[in-house]
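Residue numbers (this note's numbering): 695 to 1251.
The C-beta atom is built at its ideal place from N, Cα and C for all residues, glycine as well.
These numbers come from a predicted model, not from an experiment.
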Amino acid sequence: MPLDYRRFNGPEDSIPYKRFTKQYFKTYEQLRDDLINDKGLRQDGRTLDEARSMFARTDMVSQAKGSSYVELKKTKVACSVFDPREIPHQNEFSQLGQLYCEVKFAPFSCPRKRRPYAPDSEERALSVALRQALEPTVCRHLFPNYQIDVFVYILEHDGACLAAAINAAGLALANAAVPMYDIITSCSVAVLGDKMFIDPTEAEEHVATTSLESDANHGIITMSMLSGLKQISDFTQIGSMGMDCVTKAMDILERECEKLVPYIQKVLVTNVIQGFEQQKVLEEEAKEREKALDAKMEEWKALLKAALIFGSIGYLEELHIEKQDIHSSDGLCFDPRTIMSLGPTLRILNVSENKITDVAWAKPLRRLEVLIAKKNNLENFQSVADDLCTLTSLVDLNFIGNPMTKKHRYKETIIARCAQLRVLDTIVINNTSKTFLQSFVKAVKLRQLNEKNKLDMNKRGVDDFFELNMLPGPRAQSALSTSISGFTNQKPKVSAIDSTYTFMPRTFWRSKPTPSPRETIAPPMEPPPPIKQPVNETNDIPIKGILKKPMPMKYLS
């Protein structure tokens, strides 16, 4: 593994300090004898059939839907449950929901060795056991094709970690309002010969699982149970035990699981009562805040009226006018005289939730820097940009909640028209984006102007073409029918159709043709092309044709 020489690196190999303690050099018989003292009690002062006292609470993780914390003396477990979500990477529909369980040891949790960050085989086995214990408890048919995530984090391991994880997960599921058939509880027992250690510690589990006597009963049994339904949801055994020993252990574990039910119920009821009390407190605080806000609004209204009467409103720098008569169908109207009096000093204006349809009234506010107009009825962002582009001091705009914010090119138009703008809808505008949008708008305007000029020139050219190409004599219809495309991004198209067949008969023409005006216009070096006459074999009915090449523009200037 490469080393980072920029830091002070420790030694490549290390040895746990516990190898140099007296406890490390004890034999198996000495470790077994140390479990029980001369008085028949365990190292922590408990009897063999006595479980550790449990502490439990809910709402441990604020980001989770439901969470819990369970503590069995030195065994500490935290669990979090999250909302149902779709099962990832599954194409087929599932009638029953799934549970995703993950058990993780903290790196510092185990007393014998430091846990790695990557999951190992023991953590995966505990995750599978936790899922098997919780699946019979949850009403999975109520959320088909969805899964609920359950994460258990073991902060400190001092025995019975699987039982503590199951108790914490059941409490967290109930706290998250996940439908369940019954409350699930779990307990463990360590068997060592003819002795059974209820709720064993880590030292007792270590001795029970590493027994040198193959014929004697030894191992650990963990059982989870639905006490109300009298059903066992999961049974996990590690070690070698006879049938009589297993039956006796199950009876003991059943009694211990039933003892935990009242405590779990008490924790849940306490949590519900605290939730109702907290909701009442929040409602009272909200009412108090609303009353204080109403009183403040009345005070500001009175001050505003007094300022209007005595003419002192001209010194205001910040004005908030929100939710004025929201039950009315009409929007808020502004007095032009008041706005003009506010123009020299007002810098911040908040007119949110007033059903405003335009901002033309804001033109006199030449010193306005911040305009907040959230949740109004502004729909035409083009007119809004036209009204605000004259305010040279405006740097912050907020139109969140208006219909125009959902339209195409809303932000681009506002940013391009208001050159001094820095923040739009609480988002800081990048200088590069602002420069690009302004240049883009200028280019579009120039292109539109060029298209308009081309359109005018084409119209004038067609008129001149009429005058220069008409044959002498009266005209019943126009010699050319023109169709010029509207003002679009494409170049205007001109189509010329010869319609000389609608002229009057040749006998009514004047005998002496009048000289064409183009003779004085065309340069002498290049004579104009001759006028094309319609080809007619019988000279009775003229043939309709299309004039593909109109008169060159250089002869029309």
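Review point. According to DSSP, is Q972 helix, strand or coil?
Key: helix
Check your understanding: Tell me the DSSP bridge mates of G853?
Key -> Its beta-bridge partners do not exist; DSSP assigns none.
Review point. Does the beta-carbon of F891 have 16 or more other beta-carbons within 10 angstroms, so that it is buried, or is it exposed?
Key: buried
Practice item. Helix, strand or coil for V822, going by three-state DSSP, please let me know. Key: helix
Review point. Out of curiosity, what's the CA-to-CA distance linking E817 and A858?
Key: 14 Å
Point to revise | Whole runs of the alpha helix (DSSP H) within the stretch 837 to 912, excluding any shorter than 4 residues | key: 855 to 869 and 896 to 903
Check your understanding: When the Cα atoms are used, what is the spatial distance from F1130 to V1078?
Key -> 21 Å
Review point. Does the separation of the CB atoms of M937 and I926 fall below 8 Å?
Key: no
**Study point:** Residues of its chain near F837, where Cβ-Cβ distance is below 8 Å and the 5 sequence neighbours each way are ignored
**Key:** P778 and G791
Review point. Excluding the five sequence neighbours on either side, which residues of its own chain have a C-beta within less than 8 Å of the C-beta of Y957, listed in chain order?
Key: M748 and A750
Practice item. May I ask which residues mark the beginning and end of the beta strand (DSSP E) holding I1042? Key: I1042 to N1044
Check your understanding: Is it the case that the Cβ atoms of K1049 and L1085 are separated by a distance below 8 Å?
Key -> no
Check your understanding: Do H851 and F799 have their C-beta atoms closer together than 8 Å?
Key -> yes
Practice item. Consult DSSP for Y811 and reduce its assignment to one of helix, strand or coil. Key: coil
Practice item. Return the first residue and the last residue of the beta strand (DSSP E) that Y763 is part of. Key: G760 to L766
Review point. What residue range is occupied by the uninterrupted beta strand (DSSP E) comprising A750?
Key: M748 to T752
Exercise for review: Could you check the C-alpha separation between P801 and S815 for me, to the nearest Å?
Suggested key: 15 Å
**Study point:** Beta-carbon proximity check, L923 vs Y875, cutoff 8 Å
**Key:** yes
Practice item. Confirm, please, whether the CB-CB distance from L1010 to L1040 is below 8 Å. Key: yes
Check your understanding: For the stretch 967 to 983 against the stretch 878 to 887, are there 3 or more C-beta pairs whose distance is under 8 Å?
Key -> no
Check your understanding: Relative to the alpha-carbon of G864, which residue among P894, M919, S905 and Y811 has its alpha-carbon at the smallest distance?
Key -> M919
Check your understanding: Are the beta-carbon atoms of R1060 and S1087 separated by less than 8 Å?
Key -> yes
Check your understanding: What's the gap between the Cα of D909 and the Cα of G933?
Key -> 11 Å
Exercise for review: Could you have a look at T916 and say whether DSSP puts it in helix, strand or coil?
Suggested key: strand
Point to revise | Identified DSSP bridge partners for E780 | key: Y840
Exercise for review: Output the distance between the C-alpha atoms of D1090 and Q1132, rounded to the nearest integer angstrom.
Suggested key: 18 Å
Exercise for review: Kindly indicate which residue of E978, D738 and L1065 has the alpha-carbon position closest to the one of E1012.
Suggested key: L1065
**Study point:** Among A868, C855 and K733, nearest to A758 - alpha-carbon criterion
**Key:** A868
Point to revise | Contact with chain B by N1125, beta-carbon distance below 8 Å | key: The chain labelled as chain B is not found in the depicted structure, where only one protein chain is given.
Practice item. Could you please give the first and the last residue of the uninterrupted alpha helix (DSSP H) stretch that includes S1077? Key: F1075 to L1082
Check your understanding: Just the Cα atoms here: how many angstroms apart are K1105 and K981?
Key -> 38 Å
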